[in-house]
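> Numbering-wise (the working numbering), the sequence shown opens with residue 4 and increments by one.
Just so you know, even glycine gets a beta-carbon here, dropped at the ideal spot from N, CA and C.
If you scroll down you'll find the structure; I have some questions about it.
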Amino acid sequence: MLSLAVPAFAAVDVSGKLATEFKLGQNSSDEWEITGVTGVELETKVSAEGGSPVKAVIQLSPWKAESGEFDDDGNPTGEFGDPHPAGAPVTIGIDKAWLETQGAFWHGGPTVRTRIGDVEIKWDRYVGHLGDQRGVTLEGIGIGPVTADAFYTWEGAERPMGLAARGVVEGVALSGMVVKRGDENNLTVGAGLEVIPGLDVSAQLALDGERRQAYRLEASADDLLEGITVKVGYRAADTAFAPMYGNQGDDEDQYDLLTGFNVAAETVQSGFHIKGEYDDPTGKANISVSRDVELAGLVVSGEYNAKLQREVETEHTLKARTTIDAIPQLRGLVLSGQVKLQGDNTSYEAGAEYEAPNGIKLGAKYGSAEGFTATAGVKVEF
C-alpha cells in the first residue's frame with residue numbers, strides 16, 4: 004500500500020487556451036460581412052508530494068465551452084456571438100489519477116520509475132500500443148547492459164501484462180517485447196547495427212497469437228555520398244496478422260499490412276534543398292525542391308512540390324514567401340503566394356500576414372476559391 008505523508012504539498016498546474024478570430028469576406032449572396040469564431044479550453048492537474056518519494060497526481064477532465072471549441076489544427080470553431088455559459092454549472096471530473104515514485108525497491112538496487120493508477124502504454128507499434136489503461140508500470144529497470152520496462156493492467160478479466168527490454172550488446176542494439184493476455188502471447192524482436200560510419204541497418208519482426216508475422220527492414224546512409232542522405236526499407240505482413248494491441252495506420256509511428264519497398268533521399272546542392280520519397284505498396288511519391296534567393300534586397304523562400312500517385316493526376320504546387328522589414332511601422336510583414344495545378348484544375352492565392360506589437364495577428368488574402376478575405380485574431384496558450 005502506498006500513501007502520502009502528511010502534510011503534503013499540493014501544486015496546481017492550470018493550462019489552457021483562448022482564441023478569437025474575425026474574418027471579412029463575401030458570403031454566399033456576394034455580400035460583404037464580418038464573421039467571428041472563438042474557442043476556450045481549460046485543463047487542470049493537481050500533484051501532491053510529502054516527505055516520502057511518492058507523488059500523487061490528479062488530472063481533471065478538460066473543460067470546453069459548448070459555444071467555442073477547437074478543431075484538430077487548434078483553430079477556434081465556435082460562433083463569437085454565442086455567450087460562454089458563465090452562469091451554467093461546471094462539472095469537475097477526474098480524467099486520470101495515479102501514484103508515482105522514482106527509486107529503488109531495495110537498498111542499493113536500480114532506480115525504477117513506478118506508476119500506479121492511470122498509465123499510458125505505447126511501447127511498440129506492432130504489439131505494445133495499449134494506450135490509456137488502469138494498471139501498474141515499472142520503467143527503467145537496469146539489468147547489466149539491458150534496460151527493461153514492465154506493465155500489468157486491469158483491462159478485462161484476463162489482465163494483460165507485458166515486458167519490454169532494450170540494450171546494446173557487442174555494438175548491436177537489441178530490443179524486444181512480449182505481451183500476454185489470457186492464453187495469447189504476442190512478441191516482437193528487433194536489432195540495429197551501424198555497419199560502417201554513416202551506414203545503419205535495422206530489422207523488426209512481430210508475431211501475433213497465431214504466429215502470423217509482420218516485419219520491417221530498414222537501412223539509412225548519411226553522407227556516404229557527400230551531402231546525400233538515403234533511406235531504403237522493405238516491409239511485409241501476413242494479411243491476417245492481428246496482434247491484440249497493434250497501432251495500425253499509415254504514418255511512421257504505425258504499421259500497415261502492405262508488402263513492398265520504400266526509398267527516400269535528401270540533399271542540399273548549390274543552395275537547393277532537394278527531397279524525394281517513393282512508397283511502392285501505396286504507389287505514392289513526393290518530390291520537393293526549395294531554395295532561398297535574394298531579389299531586390301529581399302530574401303525569398305521558394306518551394307516546388309509534386310505529389311504523384313498511381314491513377315491520380317499529379318499535383319504541382321509552387322510557393323514563395325518573404326519577410327519585409329523595410330516599412331518601420333510594419334516590421335515583420337510576411338508576404339506569400341501559392342499556385343497549385345492538378346490536371347485541368349488551377350488554384351492560387353496571395354496573402355500578407357503581420358503580428359502587431361499588441362499581439363493581434365492581422366492578415367489579408369486573395370484566392371481563386373474565396374476571393375478577398377481579411378482576418379484579425381489573437382490566441383493565448385497558458
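Quick check on this structure: which residue in Asp98, Ser304, Asn308, Asp282 has the alpha carbon closest to the alpha carbon of Ser291?
Within the sequence shown, the letter at position 288 stands for residue 291. It is Asn308 whose Cα lies nearest to the Cα of Ser291.
> Use the C-beta contact count for Asp178: other C-beta atoms within 10 angstroms, 16 or more gives buried, fewer gives exposed.
Reading the sequence shown from its first residue, position 175 is the one you call residue 178. At residue 178 the sequence reads Ser, which differs from the Asp that was named. Counting Cβ neighbours within 10 Å, Ser178 comes out buried, since at least 16 surround it.
> Would you report the Cα separation of Leu394 and Lys382, rounded to the nearest angstrom?
It is not possible to answer for residue 394, since the shown part of the chain is limited to 4 through 385.
> According to DSSP, Pro79 sits in a beta bridge with which residue or residues?
To locate residue 79, count along the sequence shown from 1; it is residue 76. Residue pairing for Pro79: DSSP places it in a beta bridge opposite Phe73.
> Determine the burial state of Ala163: buried for a count of at least 16 other Cβ atoms within 10 Å of its Cβ, exposed for fewer.
For the purposes of this step, residue 163 is taken as the residue at position 160 of the sequence shown. A small correction: the amino acid at residue 163 is Pro; Ala does not occupy that position in the sequence shown. Looking at its Cβ environment, which holds 16 or more other Cβ atoms inside 10 Å, Pro163 is buried.
> Under three-state DSSP, which class holds Leu333?
Reading the sequence shown from its first residue, position 330 is the one you call residue 333. DSSP places Leu333 in the helix class (H, G or I) of the three-state scheme.
> Roughly how far, in whole angstroms, is the beta-carbon of Ile330 from the beta-carbon of Leu338, given that I think they are within contact range, below 8 Å?
By 1-based counting over the sequence shown, the position of residue 330 is 327. By 1-based counting over the sequence shown, the position of residue 338 is 335. Ile330 to Leu338, Cβ: 11 Å. No contact.
> Fully enclosed by the stretch 306 to 380, which beta strand (DSSP E) runs are 3 residues long or longer?
315 to 327, 336 to 345, 348 to 358, 364 to 370
> Taking just the CA atoms, how far does Gln105 sit from Val3?
No statement about residue 3 is possible, as the shown extent of the chain runs from 4 to 385 and does not include it.
> Would a C-beta distance cut-off of 9 Å place Gly193 and Asp203 closer than the cut-off?
Stepping through the sequence shown from its first residue, residue 193 is reached at position 190. Stepping through the sequence shown from its first residue, residue 203 is reached at position 200. Contact flag unset, no.
> Any idea what DSSP makes of Leu220, helix, strand or coil?
What you label residue 220 is simply residue 217 of the sequence shown in a count that begins at 1. Reduced to three states, the DSSP call for Leu220 is strand.
> Tell me the DSSP secondary structure of Trp109 in three-state form.
As a working mapping, residue 109 is identified with position 106 in the sequence shown. Of the three classes helix, strand and coil, the one that applies to Trp109 here is coil, per DSSP.
> Only counting the same chain, and skipping five residues up and downstream in sequence, which positions put a Cβ closer than 8 Å to that of Leu333?
What you label residue 333 is simply residue 330 of the sequence shown in a count that begins at 1. So the list reads Ile327, Tyr357, once near-sequence residues are dropped.
> Considering only their Cβ atoms, is the gap separating Gly111 from Gly147 smaller than 9 Å?
The residue labelled residue 147 in the question sits at position 144 within the sequence shown. The residue labelled residue 111 in the question sits at position 108 within the sequence shown. No, Cβ-Cβ distance for Gly147 and Gly111 is not below 9 Å.
> Looking only at C-alpha atoms, which of Asp211, Ser350, Lys287 sits nearest to Lys322?
As a first step, residue 322 is located in the sequence shown; it is residue number 319 there, counting from the start. Answer by Cα proximity: Ser350.
> Please tell me whether Pro284 and Leu261 are closer than 9 Å, where the distance is taken between their beta carbons.
Here residue 284 is taken as the residue at index 281 of the sequence shown, counted from 1. Here residue 261 is taken as the residue at index 258 of the sequence shown, counted from 1. Result yes, Cβ atoms of Pro284 and Leu261 sit closer than 9 Å.
> So, helix, strand or coil for Gln29, using DSSP?
Your numbering for residue 29 matches position 26 in the sequence shown. It is a strand residue.
> Which term fits Gly230, buried or exposed, when burial requires 16 or more other beta carbons within 10 angstroms of its beta carbon?
The residue given as residue 230 occupies position 227 in the sequence shown. So Gly230 ends up on the exposed side.
> Would you decide whether Glu197 is buried or exposed? Buried here means 16 or more other CB atoms lie within 10 Å of its CB.
Mapped onto the sequence shown, residue 197 falls at position 194. Exposed, since its Cβ has fewer than 16 Cβ neighbours within 10 Å.
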